[in-house]
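So in the working numbering, spot 173 of the sequence shown is number 697, and the numbers just go up one at a time. We treat Cβ as the ideally placed atom computed from N, Cα and C, and that holds for glycine. Quick notes on the structure that follows.
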Amino acid sequence: MVVPPSPAQGVIRTFRPRTGSPWKILRETFGLPSFRRFLVVCLITLNVRMIFRHLDATLPKYMVREFGKDVPKGTIYSINPAIIIVLVPIVTAMTSHVEPLVMIHYGSYISALSVFVLAFSTSIWACVVFVTVLSIGEAIWSPRLYDYTVSVCPEGREGTFMALSSAPLFLAKLPVGFLSGVLLQKYCPETIEDGEERHSRTMWLIIGLLTASSPVFMTCCWNYISKKDDKESTNLNEINYTELSSCPGPAPTLETL
């Protein structure tokens, strides 16, 4: 791949992929201030991303125990992929001029607030509203998380950033599954004695507070995570190129390439 010369450089450079051992790549990546800020964003958004595990594990059991086995849990769950399919291309096209981190910030607030619907009402309609609002927030922030990943990583390290950004999410799945089981057993048990009642609203209030911590922490850390490192990015990308003008023979031009 040949990169045309910029007015500032005045030479043609050829692209060479950045290679190295896994340890060298990790050491170089962790040494970048932009990666450390990126990692903070991934950790902050961990709780809001965990709500989708509760959507898979906690919500179906909650609906069956509160409304019976005939509750249309599959129909309610299908609201999420239907909204995502429709809204993601529309929202992405309409907000392409907005910074990815800004969309992540606002979208995570919407997704977090959706949980409190179930904390105020135990009804099938509350479940429908919860999934709907959650899906709208997901359509706003989730696709832009990938945009943000690509925008902050140096050229040639996109795969490394993508892989490392997913690591905290996979590590957190086990404790979320454990938390779901504990909350269901304590506040929404499968069977109850005569005179007892379930406290499902308390369960969803706890989940909502944990989820809401993500956008709140993002607001508190905004000045740090929104920093730009143009100079750092430029210096890192320079090592990807080798000047063709150093080769023997006449200097190449765009007409001869």
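- A direct Cα-to-Cα measurement between Phe741 and Pro596 gives close to 36 Å.
- Burial state of Phe685 is buried, judged by a 10 Å Cβ sphere holding 16 or more other Cβ atoms.
- Here the alpha carbon of Cys677 sits roughly 21 Å from the alpha carbon of Thr619.
- Lys585 carries a helical assignment under DSSP once its states are collapsed to helix, strand and coil.
- The shortest C-alpha to C-alpha distance from Glu552 to any of Glu679, Glu662, Val572 is the one to Glu679.
- Residues Leu708 of the same chain have their beta carbon placed closer than 6 Å to that of Lys585, with the five preceding and five following residues left out of the count.
- For the pair of segments examined, the stretch 605-620 was found not to touch the stretch 724-741: the number of CB pairs separated by less than 8 Å stays below three.
- Within the stretch 624-676, the runs of alpha helix (DSSP H) at least 4 residues long that lie entirely inside it are, in chain order, 624-638, 640-644, 648-676.
- Nearest C-alpha to Gly592 among Ile648, Val641, Gly732: Ile648.
- The DSSP-derived three-state label of Val615 is helix.
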